[in-house]
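These notes concern the structure reproduced below.
Numbering (the UniProt record's numbering), first residue to last: 1 to 169.
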């Protein structure tokens with residue numbers, strides 16, 4: 001993600017719907033539609049007393065799989081239990097940064113899709129002002145980037161080069 005004049009890019013709502021392409025780890029079938037889930041909702045796992053944020057049954061092999069959000073900083077030194085996404089700051093925008101952590105059981109997310117409302121703060125500003133970005137509206141217009149103008153600073157702001165990478169840890 002390339003940032004110009006903005007920082008702390010993140011979903012706008014606590015109940016943001018994350019959209020993914022999903023693949024069954026058992027039969028390797030890729031689900032034809034994107035799936036979505038959020039951090040607030042819990043679903044029961046069949047034949048278990050447990051719950052997960054996402055429960056999915058593969059239409060090919062009929063096995064049920066699940067995914068649960070983990071604390072955003074999974075390092076052993078971290079004491080944070082928050083599953084909130086880590087906001088993207090322009091510290092070194094040439095490298096991808098961790099955003100969320102998800103424990104997947106029997107499935108793999110193969111691609112993250114940018115959807116919905118996101119927020120971004122002006123770089124170097126303490127004003128509390130934030131820009132709102134609606135990736136769905138931009139996609140309808142055929143745009144893959146967001147451009148605006150920061151009137152307080154008198155400069156253009158933008159987000160481009162939307163990329164995501166999913167890593168197993």
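Don't be surprised by glycine CBs; every beta carbon is placed ideally from N, CA and C. As the structure is a computational prediction, the values presented were derived from the model and not from experiment.
Check the C-beta distance from residue 4 over to residue 156 and give it rounded, since I have them as a contact under 8 Å.
7 Å
In chain order, what residues of the same chain have a beta carbon less than 6 Å from the beta carbon of residue 44, not counting five sequence neighbours either side?
51
Residue 65 and residue 27: beta carbons closer than 8 Å?
no
Who does residue 146 pair with in a DSSP beta bridge?
159
Which residues mark the beginning and the end of the alpha helix (DSSP H) in which residue 96 is found?
Run containing residue 96: none; DSSP gives neither H nor E here.
Report yes if the CB atom of residue 48 is closer than 8 Å to the CB atom of residue 70, and no otherwise.
no
Following a CB-centred definition, is residue 167 positioned closer than 7 Å to any heavy atom of the ligand MN?
The ligand MN is not part of this structure, which contains no ligands at all.
Cβ-based burial, residue 107 [other Cβ within 10 Å; buried from 16]:
buried
Restricting to runs no shorter than 3 residues, where is the beta strand (DSSP E) found entirely within the region 18-81?
18-24, 35-37, 54-57, 64-70
From the DSSP output, in three-state form, read off residue 134 for me.
strand
According to DSSP, residues forming a beta bridge with residue 165:
Paired residues: none, contrary to the question.
Determine whether the beta carbon atoms of residue 139 and residue 130 lie at a separation below 8 Å.
no
Using DSSP with H/G/I as helix, E/B as strand and the rest coil, what is residue 139?
helix
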